[in-house]
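Under the numbering used here, think of the first position of the sequence shown as 25, with each following residue one higher. Think of the CB as a built atom: it goes at the ideal place given N, C-alpha and C, for glycine as much as any other residue. Just so it is clear, the structure is predicted and the values come from calculations on it, not from any experiment. The structure under discussion appears below in the form of structure tokens.
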Amino acid sequence: SSIYRSRVLSEWPEESVEGLVKRVWLRAAFDRHDANVAQLAPLGGSPPLLGVDVARYGADASVVAVVRGTRVESLTTWHGASTTGSADRVLAMAHGLKTRHARPGIVVDEPGLGGGLIDVIRKTGWDVTAFNGAAQAPEPARFLNLRAASHWKFRELLENNIVSLPRDPMLEEEALAVEWQLSTGGSGAVQIVAKDTIRKTLGRSPDRLDAVVIALWESVGRPPRPQWGQSTWSYGGPG
């Protein structure tokens, strides 16, 4: 992996070390989505999962990324809705994807307005996973926080050609605006540039990317939740 080459072998990536992903990886993922590659079918027939990033300011978009396995099927965006209005949209999408045997999962970026959205959806009886990027990563020696771990998983999925993405110029811009570095606090853990820095670069928040990253993390990235009786760990919110 890139992190092994950079930290253990002292071989840095071909492009700027700060760039999280390469344009060629993104373009290949767009092509795979367009071609509907057979090997990217839902893992084990898994139901869809909705990754939700709620807009914090008027100029930003609320986004839902619908994911099956490693295939990001669609991105849906809207502006200016209230928390209740956004919850209604998310629930309408979830009900539309529900089958006789399974409900789609929902994971919401919790900080900011996400907490209120989670509360509204849970009151309807629908299970929601809260994602908090500031929470401890499953591998704290490698990643500064959960945001770093989830973004690095996105990088690895792209680098290894096992994710497909809907062709979206704004998603591409957002992914290319993300930079990473090894933390200077002595741990040498991977950290991702602050979201405010990305906002200054783009003139907007990376809402599409955030929805995609948390959906893929919940779908294929995070370690399995422990079964009853096993020791537990926290990744930012209850399931």
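Setting aside the 5 residues that flank it on each side, D192 is surrounded in the same chain by L99 and R232, each with a C-beta closer than 7 Å to its C-beta; the list follows chain order. A contact is defined here as three or more CB-CB pairs under 8 Å, and the region 161-170 fails this definition with respect to the region 218-237.
For G75, the enclosing beta strand (DSSP E) starts and ends at L73 to D77. By the Cβ test, the region 217-231 is in contact with the region 74-94, since at least three Cβ pairs between them sit closer than 8 Å. Of the residues P71, P72, E242 and K46, the one whose Cα lies closest to the Cα of P162 is E242.
The region 175-224 contains, as complete beta strand (DSSP E) runs of 3+ residues, the segments 204-206 and 214-216 (chain order). Under DSSP, the beta-bridge partners assigned to W102 are S86.
The C-alpha of V131 lies about 14 Å from the C-alpha of S110. With three or more CB-CB distances shorter than 8 Å, the region 176-195 counts as touching the region 41-55. Counting along the chain, the unbroken alpha helix (DSSP H) around G140 starts and ends at G138 to R146.
In this structure, the beta-carbon distance from Q160 to E42 does not fall below 8 Å. For D133, the enclosing beta strand (DSSP E) has its first and last residue at G129 to D133. Here A154 carries a strand assignment [DSSP, helix/strand/coil]. Within its own chain, the residues whose Cβ lies closer than 8 Å to the Cβ of V96, once the five positions on either side in sequence are excluded, are H57, A89, V90, V187, S188, L189, P190, V236, A239 and L240, listed in chain order. Around the C-beta of K177, 16 or more other C-beta atoms lie within 10 Å, and the residue is accordingly described as buried.
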